[in-house]
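If you read the protein sequences in the order shown, they are chains V and F. The first sequence begins at 1 in the UniProt record's numbering and counts up one residue at a time. The second sequence begins at 1 in the UniProt record's numbering and counts up one residue at a time. Here the structure comes first, spelled out in structure tokens, and everything after it is commentary.
2 protein chains.
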Amino acid sequence: MKLVCAQSDLSSNLSLVSRAVPSRPTHPVLANVLLQADAETNQVSLTGFDLSLGIRTSFNADVWQGGAIALPAKLLVDITSRLPEGEITLDDESATDSTTGEGLIVTLTPKTGQYQLRAMGSEDFPELPLIEDNTAIYLTATALIEGLRGSLFATSGDETKQVLTGVHLTVKQDTLEFAATDGHRLAVVETTNERPLEDNEQQLEVTVPARALRELERMLAHNAASEEPIALYLDQGQVIFAWQNQRLSSRTLEGQYPAYRQLIPRQFERQVTVERRQFLSTLERIAVLADQKNNIVKLTIDSAAQELTLSCEAQEMGSGRESMTAEIAGEDIEIAFNVKYLMEGLKALPSAEIQMHINQNLSPVIFTPLGGLKMTYLAMPVQLRS
Amino acid sequence: MKLVCAQSDLSSNLSLVSRAVPSRPTHPVLANVLLQADAETNQVSLTGFDLSLGIRTSFNADVWQGGAIALPAKLLVDITSRLPEGEITLDDESATDSTTGEGLIVTLTPKTGQYQLRAMGSEDFPELPLIEDNTAIYLTATALIEGLRGSLFATSGDETKQVLTGVHLTVKQDTLEFAATDGHRLAVVETTNERPLEDNEQQLEVTVPARALRELERMLAHNAASEEPIALYLDQGQVIFAWQNQRLSSRTLEGQYPAYRQLIPRQFERQVTVERRQFLSTLERIAVLADQKNNIVKLTIDSAAQELTLSCEAQEMGSGRESMTAEIAGEDIEIAFNVKYLMEGLKALPSAEIQMHINQNLSPVIFTPLGGLKMTYLAMPVQLRS
């Protein structure tokens with residue numbers, strides 16, 4: 001294997017795929033990045049894989065001699081990212097007659113010097129899952145990013161919660177639904193498919209680990225300007241996202257996802273419309289006091305004054321109270337929340353104004369954006385200690 | 001006490017002084033910021049003090065009624081920094097008839113709401129050290145920043161190393177010398193006083209804790225454009241830096257500082273002049289490999305080729321070698337360093353080109369900037385394992 005490529009291509013692609021390289025690999029080869037060079041197409045592909053999350057990208061290079069090799073990910077990323085712009089030669093021809101000892105050696109030759117790194121054979125590197133059937137759903141990058149942004153934050157960070165550590169994707173005729181819950185709150189986003197499913201295609205549900213989707217979100221953020229749709233291949237056990245020269249695959253999470261739709265009430269006794277940013281920044285101040293106690297913030301809804309008041313009593317430290325105008329329909333009520341769940345939901349809601357839909361002070365409250373994306377955020381109120 | 005001030009003034013000054021508030025106070029009052037309001041001058045001063053480091057700043061406000069009170073630093077910083085721009089009223093008149101219970105309460109009233117915080121009496125707050133004698137040394141902010149930047153990095157982070165955790169300041173006729181060493185390397189910077197000492201004034205030496213000087217560096221960074229000189233009041237036991245509306249005081253460190261001058265050789269057998277940034281960026285790449293082993297980098301000085309080569313062998317991982325042109329006087333030599341000490345010194349040296357002054361491969365090596373600030377950096381070579 002011998003190739004010449006640009007430092008910027010090698011470095012940026014390495015940094016993408018190395019996100020899938022485990023920091024504590026269960027097998028030594030998983031600490032590597034698989035490099036495959038094709039002399040016919042002059043394409044180099046890089047793969048990182050932790051047996052669950054896999055990332056593969058490819059870029060153009062002068063491939064003098066094709067081949068494949070597994071290279072130590074961390075060392076290669078750290079050295080390559082520090083090299084100046086310019087051409088780099090990668091070469092494993094001198095593998096056996098190197099003075100450094102037996103085994104595979106790859107030589108990295110930038111303009112300024114030479115690095116020799118111990119490598120492993122490509123045959124030890126596990127295969128990425130294949131796309132077996134060819135029917136894909138297509139989403140724009142923007143729609144996919146919106147779906148992820150509106151759901152990922154509500155997943156559980158507790159690994160013992162299994163399916164709750166993932167986002168549940170439901171493919172429907174012409175929409176894709178993203179849902180996430182950690183047992184305390186629920187976020188649901190519906191985005192539009194680029195092309196509707198054909199009649200004979202099956203509706204499908206999978207739960208994808210949040211970790212893989214966070215990486216997907218990062219990769220798409222660099223790519224958001226692209227018009228090319230993202231292809232989603234969903235299968236029991238595997239999901240693959242593919243676009244341009246990049247693809248990300250992930251195992252799905254096993255187990256029944258909660259029937260979340262039935263948690264969302266359809267009728268409400270009260271409705272409050274409020275400016276989202278003002279609500280959020282006020283909560284951030286009240287949270288300073290709530291932090292000192294049990295994280296509980298009280299919302300007082302005053303229909304006559306058309307005013308929403310946030311307050312917190314942290315007896316040993318002090319108390320705080322702020323009010324803002326709101327459009328209120330329904331009777332006055334006092335209702336309390338964990339301030340963290342309110343803030344996280346408000347951050348994710350994508351509109352300038354939001355609506356709270358309330359029944360009683362201990363029944364689920366629904367937050368929706370006013371216009372734009374179809375998103376539903378459900379938060380459970382908590383008991384107010386008096 | 002009652003005053004009205006701008007949110008931006010209160011917030012920025014609180015964030016400055018709160019740097020001196022200990023996170024784990026030995027006495028409850030030290031978790032507070034002392035606020036003093038003067039109705040005659042319409043000045044508000046804030047003080048944070050951990051019994052070693054003290055920071056005091058002042059700003060203009062409408063003081064309706066003068067007074068002093070100790071306010072909970074963290075809560076006040078966190079709330080104030082999140083408030084929108086605008087006027088804030090601070091008030092402790094309602095202290096005793098508050099419904100929240102007995103004890104001091106301060107009321108913070110921004111436009112949007114009201115916060116009540118439990119406060120403490122100002123009489124419990126310890127006094128900052130006074131400036132007893134009036135003779136000061138004056139430095140420009142730029143000179144002081146240069147002195148700190150060129151020395152602070154070389155202090156020891158190990159609290160058991162006592163005086164080595166500080167920077168040693170020596171006041172001379174018309175210069176101020178900054179010195180720092182952790183036992184492995186030494187940095188010395190000489191800056192010019194704004195006004196020379198008068199003949200009858202005494203030369204003085206003190207060692208100031210790095211922690212206090214790092215805070216000073218932060219404060220000055222916001223203030224570097226100012227032409228007004230900084231006054232230094234040095235005393236056995238205390239040092240005070242004062243400028244405009246701000247002052248920082250610190251206890252000095254007790255104990256004899258090492259006689260570092262005698263460590264610096266005066267004669268050298270070899271001299272190497274090299275471009276600093278190239279040297280540093282090459283070291284950063286070689287350090288990736290050195291990190292894998294014992295952090296040792298080898299410098300090979302080739303007089304005939306006028307070339308400096310950096311290399312590292314990390315046998316299990318690989319090896320690296322890079323060369324750069326250098327102006328070399330003296331015979332060829334191989335010499336090894338801890339890569340961290342080389343990089344930190346090169347980062348702090350303030351010139352485009354630097355000179356290495358070398359004798360033998362185990363005697364101290366001196367690094368100096370070519371032109372500009374008077375700085376000396378000494379690093380001890382290490383044994384090359386063969």
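A virtual CB, placed ideally from N, CA and C, is assigned to each residue, including glycine.
Within-8 Å CB hit, residue i to chain V
i                     : result
Thr-318 (chain F)     : According to the sequence provided, residue 318 (chain F) is Gly. The question's Thr does not apply to it. Chain V, which has a Cβ nearer than 8 Å to the Cβ of Gly-318 (chain F), makes this yes.
Gly-121 (chain F)     : no
Val-163 (chain F)     : no
Glu-284 (chain F)     : yes
Arg-266 (chain F)     : no
Val-301 (chain F)     : It should be pointed out that residue 301 (chain F) corresponds to Ile in this sequence rather than to Val. With 8 Å as the cut-off, Ile-301 (chain F) does not count as an interface residue toward chain V.
Tyr-341 (chain F)     : no
Tyr-138 (chain F)     : no
Leu-75 (chain F)      : yes
Arg-277 (chain F)     : no
Ser-249 (chain F)     : no
Val-288 (chain F)     : yes
Glu-322 (chain F)     : yes
residue 401 (chain F) : As shown, chain F starts at 1 and ends at 386. That puts residue 401 (chain F) outside it, with no answer to give.
Asp-124 (chain F)     : no
Asp-97 (chain F)      : Any reading at Asp-97 (chain F) needs caution, since the residue's pLDDT is 44, under 50, leaving its predicted position unreliable; the model's value is listed next. It does not: the Cβ of Asp-97 (chain F) has no partner Cβ on chain V nearer than 8 Å.
Rounded separation between residue i and residue j - CA only
i                 : j                 : result
Asn-295 (chain V) : Phe-241 (chain F) : 41 Å
Ala-143 (chain F) : Ile-79 (chain V)  : 36 Å
Tyr-233 (chain F) : Glu-254 (chain F) : 17 Å
Gln-36 (chain V)  : Leu-90 (chain V)  : 12 Å
Gly-372 (chain F) : Pro-229 (chain F) : 20 Å
Lys-2 (chain F)   : Gln-355 (chain V) : 39 Å
Ala-231 (chain F) : Glu-194 (chain F) : 10 Å
Asp-174 (chain V) : Gln-203 (chain V) : 10 Å
Gln-7 (chain V)   : Val-44 (chain V)  : 13 Å
Thr-376 (chain V) : Pro-129 (chain V) : 34 Å
Gly-86 (chain V)  : Ala-154 (chain V) : 43 Å
Gly-237 (chain V) : Arg-251 (chain V) : 6 Å
Gly-318 (chain F) : Pro-209 (chain F) : 41 Å
His-357 (chain F) : Val-17 (chain V)  : 44 Å
Val-206 (chain V) : Thr-140 (chain V) : 19 Å
Counted within 10 angstroms of its Cβ, other Cβ atoms place residue i as buried (16 or more) or exposed
i                 : result
Pro-369 (chain F) : buried
Gln-306 (chain F) : exposed
Gly-101 (chain V) : Its pLDDT being 48, under 50, Gly-101 (chain V) is placed unreliably by the model, and the measurement read from it follows with that caveat. Answer is exposed; the Cβ neighbour count stays below 16.
Asp-92 (chain V)  : buried
Asp-50 (chain F)  : buried
Gly-147 (chain V) : buried
Ala-221 (chain F) : exposed
Thr-47 (chain F)  : buried
Ser-122 (chain F) : buried
His-168 (chain F) : buried
Lys-298 (chain V) : buried
Leu-384 (chain V) : exposed
Thr-329 (chain F) : Reading off the sequence, residue 329 (chain F) comes out as Ala, not Thr. When all chains shown are included, Ala-329 (chain F) counts as exposed.
Gly-166 (chain V) : buried
Leu-378 (chain V) : buried
Leu-362 (chain V) : exposed
Interface flag, residue i vs chain F, CB-CB below 8 Å
i                 : result
Leu-30 (chain V)  : no
Pro-72 (chain V)  : yes
Glu-40 (chain V)  : no
Tyr-257 (chain V) : no
Tyr-115 (chain V) : yes
Leu-83 (chain V)  : yes
Asp-91 (chain V)  : no
Val-272 (chain V) : no
Thr-112 (chain V) : yes
Asp-235 (chain V) : no
Ile-79 (chain V)  : yes
Ser-151 (chain V) : no
| Contact between the segment 6 to 18 of chain V and the segment 50 to 67 of chain V (3+ Cβ pairs under 8 Å) | yes
| message | Under 8 Å, with one C-beta from each stretch per pair, do the segment 300 to 319 of chain F and the segment 237 to 252 of chain F reach the 3-pair mark? | response | no
| query | Does the segment 277 to 292 of chain F come close enough to the segment 322 to 335 of chain F to have 3 or more Cβ pairs within less than 8 Å? | reply | yes
| Does the segment 64 to 74 of chain F touch the segment 108 to 122 of chain F, meaning 3 or more C-beta pairs lie closer than 8 Å? | yes
| message | Closer than 9 Å between beta carbons: that is the criterion. Which residues of the segment 2 to 26 of chain V meet it against chain F? | response | none
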